[in-house]
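All remarks here apply to the structure that follows.
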Amino acid sequence: MTPIYPVIWRDDRVLLIDQTLLPTQYALVEINDYQDMVKAIKTMIVRGAPAIGVAAAYGMYLGAREINTQQRDTFLTQLEIVAQKLRETRPTAVNLFWAISQMLKTASESLGTVEEIKHNLLITAQNIQKQDLQTCQNIGNNGLEILANKPEKLTILTHCNAGALATAGYGTALGVIRSLWTAKRLAGVYADETRPRLQGAKLTAWECVQEGIPVTVITDNMAAHCMKKGLIDAVIVGADRIAANGDTANKIGTYGLAVISKMHQVPFYVAAPLSTVDFELETGEKIPIEERHPSEIYQVGHTRLCPEGVNYYNPAFDVTPAELITAIITEEKVVKPIDLLAFKE
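One point on numbering: in the working numbering, the residue at position 200 of the sequence shown is 654, and numbering is uninterrupted.
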């Protein structure tokens with residue numbers, strides 16, 4: 455199949471796969487300035503922590519390109535304004551902040567003219583994208599090594615979408631699944647629908663179909679039943695932010711999935727790059743949790759599901775305690791959550 459790249463740099467502009475239209479329509483959105491990138495991230499045209507990081511890096515370059523000054527100090531001051539606008543788009547995904555920090559570091563450390571700084575920013579954004587793709591492939595290989603030790607093929611349950619669409623390409627959790635499939639060690643995938651935005655039903659299922667991977671979509675409240683029936687060999691999910699102790703923020707519903715995995719003695723893995731680890735946060739209690747508009751709950755498309763006059767609570771993420779996580783699959787190696795601190799610089 456043709457590789458899936460959610461963020462594309464082409465002809466001095468960014469092209470994004472509009473993930474709000476999948477699976478029924480594949481379309482590219484053209485991004486020419488950083489304000490458009492801010493909107494694209496906020497409205498989830500691009501989503502998934504690593505993909506958001508890549509998009510934000512290009513957004514920083516687009517913002518830099520719009521700054522009309524030859525004075526270095528003025529340029530850096532205005533670039534910080536661009537950075538702040540991008541930081542405000544999605545508060546939970548740490549890759550966003552990491553990528554912006556890398557771009558600001560490039561700008562502050564670059565010598566030469568403002569135009570040369572702008573050129574260096576583009577190179578940095580492209581390198582972030584290339585590095586993320588390689589990172590995901592390494593995560594896939596490490597996951598294959600730790601999982602493919604059973605004589606039979608595995609059936610994996612995943613939640614939300616941590617595939618090519620959520621990264622620079624290939625994926626984290628779905629990257630491990632891809633590696634298992636390529637190695638002929640995968641029987642199939644169970645994909646939680648992932649309410650309220652249905653990323654599992656829409657995006658993960660779409661990616662699996664593109665690759666010919668057998669996929670079964672289930673509603674979120676069917677996972678415990680499937681585990682009890684012995685249908686699931688392991689759970690693999692992605693992450694939007696991981697605290698230093700291994701507590702992991704991921705799409706809402708992940709915590710509950712970890713609890714029932716523990717109950718049924720099903721291994722529960724988190725697949726994520728080390729850039730997702732926020733070593734400044736000691737525990738997951740300090741991870742900011744984004745709350746989204748209640749319309750995601752009370753309607754699907756133009757169909758209203760709930761009566762007028764009720765209240766809503768719509769956190770986009772929850773935090774899974776480290777003690778419920780079997781291991782974290784990184785690009786370096788597979789580690790117990792308690793061993794993450796060994797990677798702190």
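All residues carry an ideal CB built from backbone N, CA and C; glycine is no exception.
The structure displayed is predicted, hence computed values, not measured ones.
Would residue i pass as a contact of residue j if the rule is Cβ separation under 7 Å?
i, j, result
"V630", "G594", "yes"
"N768", "I751", "yes"
"L728", "T784", "yes"
"Y723", "I696", "no"
"T730", "V548", "yes"
"A510", "I554", "yes"
"W660", "P477", "yes"
"A618", "I462", "no"
"I506", "I495", "yes"
"V773", "A703", "yes"
"F733", "T546", "no"
"Q473", "R501", "yes"
"H613", "T708", "yes"
"L711", "A688", "no"
"L794", "G692", "no"
"I577", "V508", "no"
"L558", "N615", "no"
"T609", "A579", "no"
"A627", "A725", "yes"
"I782", "P775", "no"
"W635", "I667", "yes"
"L778", "K716", "yes"
Can you tell me whether residue i is buried or exposed? The criterion is at least 16 other CB atoms within 10 Å of its CB, across all chains shown.
i, result
"L565", "exposed"
"H747", "exposed"
"Q556", "buried"
"P650", "buried"
"V720", "buried"
"K683", "exposed"
"S633", "buried"
"E647", "buried"
"A481", "exposed"
"P460", "buried"
"K604", "exposed"
"S562", "exposed"
"L550", "buried"
"V568", "buried"
"A796", "exposed"
"N574", "buried"
"A760", "Checking the displayed sequence, the identity of residue 760 turns out to be Cys instead of Ala. Classification for C760: exposed."
"V669", "buried"
"T589", "buried"
Just to confirm my understanding: we take residue i, look at its own chain, exclude 5 residues before and 5 after, and list those with CB closer than 7 Å. What are they?
i, result
"A637", "L598 and A602"
"L801", "Since the first residue of the chain shown is 455 and the last is 799, residue 801 is not available in this structure."
"G763", "none"
"I447", "Outside the modelled stretch of the chain, which goes from 455 to 799, sits residue 447, for which no answer is possible."
"S592", "Looking at the sequence itself, residue 592 is Asn, so the reference to Ser does not match. Within the same chain, N592 has close Cβ partners E785."
Starting from the C-beta of residue i, find all residues in its chain whose C-beta is less than 8 Å away, skip the five residues before and the five after it, and write them out in chain order.
i, result
"C680", "L611, Y644, I672 and I686"
"M498", "Q473, T474 and R651"
"K787", "N596"
"K584", "A622"
"R639", "L598, L601, A602, K607 and L608"
Could one say the Cβ of residue i lies closer than 7 Å to chain C's Cβ atoms, at least one of them?
i, result
"T456", "The structure shown contains no chain C; it is built from a single protein chain."
Excluding five sequence neighbours on each side, which residues of the same chain lie with their C-beta closer than 6 Å to the C-beta of residue i?
i, result
"V468", "I485 and Y512"
"I571", "A561 and S564"
Would you check whether the ligand FAD has a heavy atom nearer than 6 Å to the C-beta of residue i?
i, result
"G566", "No copy of the ligand FAD occurs in the structure displayed, which carries no ligand at all."
**Item:** beta strand (DSSP E) runs contained entirely in the segment 586-637, provided each spans 3 or more residues
**Value:** The qualifying runs are 608-612.
**Request:** Identify every run of the alpha helix (DSSP H) within the segment 529-584, keeping only runs that are complete inside it and at least 4 residues long; order them along the chain.
**Result:** Within the segment 529-584, the runs of alpha helix (DSSP H) at least 4 residues long that lie entirely inside it are, in chain order, 548-563.
**Request:** Pair every Cβ in the segment 477-487 with every Cβ in the segment 521-532, then say whether three or more of these pairs are closer than 8 Å.
**Result:** These segments do not touch.
**Start-end ranges of the alpha helix (DSSP H) lying completely within the segment 704-786, minimum 4 residues** = Complete alpha helix (DSSP H) runs here, min 4: 708-717 and 749-752.
**Message:** Closer than 8 Å is the cut-off here; do at least three beta carbon pairs connect the segment 482-491 with the segment 532-545?
**Reply:** In short, these stretches touch, since the Cβ pair count reaches three.
**Request:** At 4 residues or longer, and completely inside the segment 638-703: list those alpha helix (DSSP H) runs for me, N to C.
**Result:** Within the segment 638-703, the complete alpha helix (DSSP H) runs of at least 4 residues are 659-665 and 677-682.
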